[in-house]
Structures are given as structure tokens and as C-alpha cells.
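Residue numbers (our numbering): 297 to 669.
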């Protein structure tokens, strides 16, 4: 008889208060749970770019296939990929670290700087992975709530800084609120914080505001970018951090070797040659975002928040109907959105990725049916 073991006794003490990260919906799980067919599902819960044509992306991949040898490890320094990214962002390639999505580059920062005596400071509500990284390492997660209009409370943030606060993280545009923070407030925080300031610009392509060149002005600044949102590479996982060379030289050796797979190493330089195509698609998203925003505001039972991203935050106002119920009813119709109602300040809120006109018309029809509008 196999001896039964209590595995919980073996777990790291850092995981005592660990909270599981809730990612976008699993399609196989959704199909099984609700009896749907995969072709009937409209997935607008994870802020993926649905405007990039699948056939176009496949053609770009074909151009790289002859160069790719899956039997060989990727270049561990990612030199050609970093050089193409440097040209794209107007930086030096030594100022760029690439990884397996922005999660990977975040973990490199955390593993280098954070221990169980450290503190990480953020403005809530924000991207929940920051807490995930903090909890795994047993550090203290500290936060200050945004103002009621979702603006930064700069004074409260700085007053919250302790001797153990090593990282301050601000996402702009912010997820899940969708707004871009004022540049002068971000500047003030960077200049008055002694630790490392991380500016997460995952959605910057949709806002027309990027401070990535500020890494030349501030040696405590790291700017994070991802290609999951703007370039439609959520499935490939490509993220970068931009930072001064001295800090990059400290962080780079800590990163897990071969973080960026060989397919991504060849495909990213190829895609960055197609800047006009991607800019066109980004403009299409922004145009559709404004149309969807206007149509959602016509539904009386909803409060709709302005957005500088490829998603829109919406609050359910109808008595007797909460965000969770709206999400459940939409899934029955094959539409998946994200319930954000458990996040601070976002009671009864859902987050909706901007879809194509066909997707959005379907969404609006179902919302009106559920809300009785």
C-alpha cells in the first residue's frame, strides 16, 4: 500500500497566503461546462487582439520556417531579436531584455530585487499578477487605492513607502480601469522614489502615450511592453523590459536561460518590418472601441468608463442583477467576458475586450436581452 503524504507540509512558507491567479477562460473547460461548440464561442475576456487576421499571421510565420531549427536551442542572448526591438522603439539593444511574455521579465525583476523582507507598492485596482509575483516570494504586497475617478493618489503612494519598499509598479494605461495616468504624476513618483519604479505599458499602443524613452533620464525606471495586445502574439508569448544598460547587465544573468523560444526569435524581427500593417490594425481597434463605447452608453442599465486600451470597463447598474450573473448569461450565448467585481473599487464591474463589429453587435444584442433594455 502506498503511503499517503501530506504535501502541504512540504510547501514553501511563502505560499501561506497565496491566491491563485485567475486567467482568461479555458475554452475546453467552457465547452465541457456549458455544452458549447468551439466555433460558437466569442472570447472577449483576455484583451487579445482579434483584428489581426489569422491567415496574415500564418503567412508571416511561413516566411520564417526555413530559418528555424527546432532541434537547436535559441540564441541565449537574443541579439538579432533585441536589435530589431531596439530599432522599433528607438533604443540601444543593450537596453532591452526580452522574455516569454511580460510575466517572464517581471519574474526576472522580482527574483533579482525582492526577498521575503521586501515590500512591493502598487496603486489598486491594477493587474493582479503583481500580487501573484509578490506572494510567491513571500514579500509584502502594499497598495494605495486610486481616487474615485481612477486617478493616482500620488501623496498617499509616497507616504506608504517604507524602508523595505524596493519596487513601485504603475500600469499606464491601467488594467482593468482602462485609463492612462497623468504624465506629471508618474514623473513625480519616479523622481521621489528611491527604489526601482516599474511602468507597465502593456496597452500603450492604444493610448498614443509612451514614456519608454524616459529610461535615458531615470536610472531607476524600467518600462515593460508586451506584444500580446498590439501585435496579436498572445499565444507566442513575447515581452520586453527597457532599462538603462547598467541595470540590464545586473538583471540579464538572473533570467532563466532560453526564455524566448526560437520561433519568437525569428518571427519578431519579421513582424517588426510590418509596422504599417500593425499601426493600421491598432487604429481599427481604437475606432471600434469608440463605437462600442458609444453603443454601450446607450444601455441605461450600464455605466461605461472611458478607455485608452483595447478593452472597456462596464458597471452593471440594474437592481437584482450582478456582474457574475451577466457573465453567466452571456456564456450561455457563447460570449465570454471578464468579471472584475471582486477587485477593489470595481463592485459589479465587467471587462469587455473590443471585438470586431460583428462580435460587438452580437454582444450588444445579448446584453440588451439580459438587462431588459
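Where a beta carbon is used, it is the ideal one built from N, C-alpha and C, also for glycine.
A distance below 8 Å separates the beta carbons of residue 555 and residue 400.
For the 8 Å CB-CB criterion, residue 305 and residue 434 do not form a contact. With a 10 Å radius around the Cβ and a threshold of 16 neighbouring Cβ atoms, residue 479 comes out exposed.
Residue 577: not part of any beta strand (DSSP E); member of the alpha helix (DSSP H) spanning 571-593, first to last residue. Contact annotation: residue 646 and residue 610 have beta-carbon atoms nearer than 8 Å. In the DSSP annotation of this structure, residue 346 is not part of any alpha helix (DSSP H), being labelled neither H nor E.
By the 16-neighbour rule on beta-carbons within 10 angstroms, residue 653 is exposed.
As the crow flies, the alpha-carbon of residue 406 is around 44 Å from that of residue 596. Going by beta carbons, residue 468 and residue 482 fall inside the 8 Å limit. A check of alpha carbon separations from residue 348 across 615, 560, 529 and 593 identifies 529 as the nearest.
The way I'd put it, the region 613-630 doesn't touch the region 486-504; fewer than three beta-carbon pairs between them come closer than 8 Å.
Secondary structure in the region 413-444: the beta strand (DSSP E) runs of 3 residues or longer, each lying completely within the stretch, are 415-420 and 436-441 in chain order.
Boundaries of the alpha helix (DSSP H) harbouring residue 404: 397-409, taken from the DSSP string. Per DSSP, residue 479 is one residue of the alpha helix (DSSP H) stretching across 479-488.
Here DSSP, grouped into helix, strand and coil, assigns residue 534 to coil. When the five nearest sequence neighbours on each side are left out, the beta carbons in the same chain lying within less than 7 Å of the beta carbon of residue 357 are those of 563, in order along the chain. The region 538-558 and the region 575-588 do not touch, with fewer than three beta-carbon pairs separated by less than 8 Å. For the set 632, 500, 417 and 640, the Cα lying nearest the Cα of residue 337 is the one of 632. Classified as buried, residue 422 has 16 or more neighbouring CB atoms from the shown chains inside 10 Å of its CB. Around the C-beta of residue 369, fewer than 16 other C-beta atoms lie within 10 Å, and the residue is accordingly described as exposed. DSSP, read as helix, strand or coil, puts residue 368 in coil.
Non-local C-beta neighbours of residue 378 in its own chain, meaning closer than 7 Å and more than five positions away in sequence, comprise 389, 392 and 394, ordered along the chain. Where residue 456 is concerned, there is no enclosing beta strand (DSSP E), because DSSP gives it neither an H nor an E.
Residue nearest to residue 519 within the set 615, 507, 464 and 383 is 507 (criterion: CA-CA distance).
Just measuring C-alpha positions, the residue of 580, 641, 350 and 552 sitting nearest residue 443 is 641. A distance below 6 Å between beta-carbons, with the five flanking residues on each side excluded, links residue 660 to the following residues of its chain, in chain order: 591. Per DSSP, reduced to three states, the secondary structure at residue 373 is coil, with no helix or strand assignment. Membership of residue 666 in the alpha helix (DSSP H) is indicated by the continuous run 653-667. Counting only runs that start and end inside the region 615-653, the alpha helix (DSSP H) elements of at least 4 residues fall at 619-628. Around the beta carbon of residue 413, a 10 Å sphere encloses fewer than 16 other beta carbons of the protein chains shown; the residue is thus reported as exposed. Annotated as proximal: residue 546 and residue 408, with beta-carbon spacing under 8 Å. Under the three-state reduction of DSSP output, residue 498 falls in the coil class, being neither helix nor strand. Residue 503 and residue 419 have their C-alpha atoms some 19 Å from each other. According to DSSP, residue pairing for residue 382 in a beta bridge does not occur.
Excluding the 5 residues flanking it on each side, residue 397 has same chain C-beta neighbours closer than 8 Å at 522, 524, 533, 534 and 535, in chain order.
Shown here, residue 568 sits in a helix according to DSSP, grouped into three states.
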